[in-house]
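Structure, as structure tokens:
In the numbering used here, the protein residues as written are 297 to 561.
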């Protein structure tokens, strides 16, 4: 029910955002959404954004084909999670953070270069709300966060190998501190990853003038997730055989191809 409520809430927010932006810029809602009357242009945008991501993820795709596994990290056996991650989140976030905010920043006098660099920082920070969800899920709503934070910093300030002077090893505050540290690290990584993706998606939107490009890229990046670079580990290079070298080559070729395509949009 929580996922359903969030999807409905974010859909309502998108509608409001589009009409407010439309009123501010004196444009029609379709113009705000960058949906061209020429369907070919929007499909072209889809092809550009999707094609570039397929090139970038060449390594994971080839590895999944060789190992006969599913390259997508999103579980299709959970329909609501799949809808949220592959449909609702990409469309709603691209509408709010790209279709609505880019033209507003342009109207405010920001250059496209400034928009491409600065706007994704807002997009990355917007994902920090996952800290709240993770804390509630993994620590529980009644957890003593003050004690956990204190234990986390006291652990960092103590000498390596020495027990905490105030808390015995394994007490609940220390356990919560360990979990909280992992939550913060994961959230910081997600913020950095989403900011980097935001640079790409905003650049796509500015260059193609099509929301289709950004949405297609977002769908595929959510589906594939963060690429695994395990094939470059020393153990895999020693024991992975020729197949592993093929996967490594595809990772490198995909990154090089992506950079080349990025310069030619």
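Here a beta-carbon is modelled for each residue, glycine too, at the ideal position from N, C-alpha and C.
Asked                                                                                                                                  : Found
What is the residue span of the alpha helix (DSSP H) that residue 380 lies within?                                                     : Premise fails: residue 380 is in no alpha helix (DSSP H) and is neither H nor E.
How far does the alpha helix (DSSP H) with residue 429 in it reach, from first residue to last?                                        : 426-434
Measuring alpha carbon to alpha carbon, tell me which of 551, 384, 374, 510 ends up nearest residue 523.                               : 551
Check residue 334 in the structure and name its three-state DSSP category.                                                             : coil
Can the beta-carbon of residue 547 be found closer than 8 Å to that of residue 355?                                                    : yes
Any idea if residue 428 is buried or exposed, counting beta-carbon neighbours within 10 angstroms, 16 or more meaning buried?          : exposed
Distance check for residue 327 and residue 507, CA to CA, integer angstroms please.                                                    : 10 Å
Which same chain residues, not among the five before or five after residue 323, have their C-beta less than 6 Å away from its C-beta?  : none
Quick one: using the 10 Å Cβ neighbour count with 16 as the cut-off for buried, is residue 419 buried or exposed?                      : buried
Is there contact between the region 534-544 and the region 339-349, where contact requires at least three CB pairs shorter than 8 Å?   : no
Touch check for the region 407-417 and the region 384-398: three-plus C-beta pairs under 8 Å?                                          : yes
If I'm right that residue 384 touches residue 314 with Cβ under 8 Å, what's the distance once you round it to whole angstroms?         : In fact, because the Cβ distance is near 15 Å, the residues do not count as touching under 8 Å.
Around the C-beta of residue 483, are 16 or more other C-beta atoms found within 10 angstroms, so that it is buried, or is it exposed? : buried
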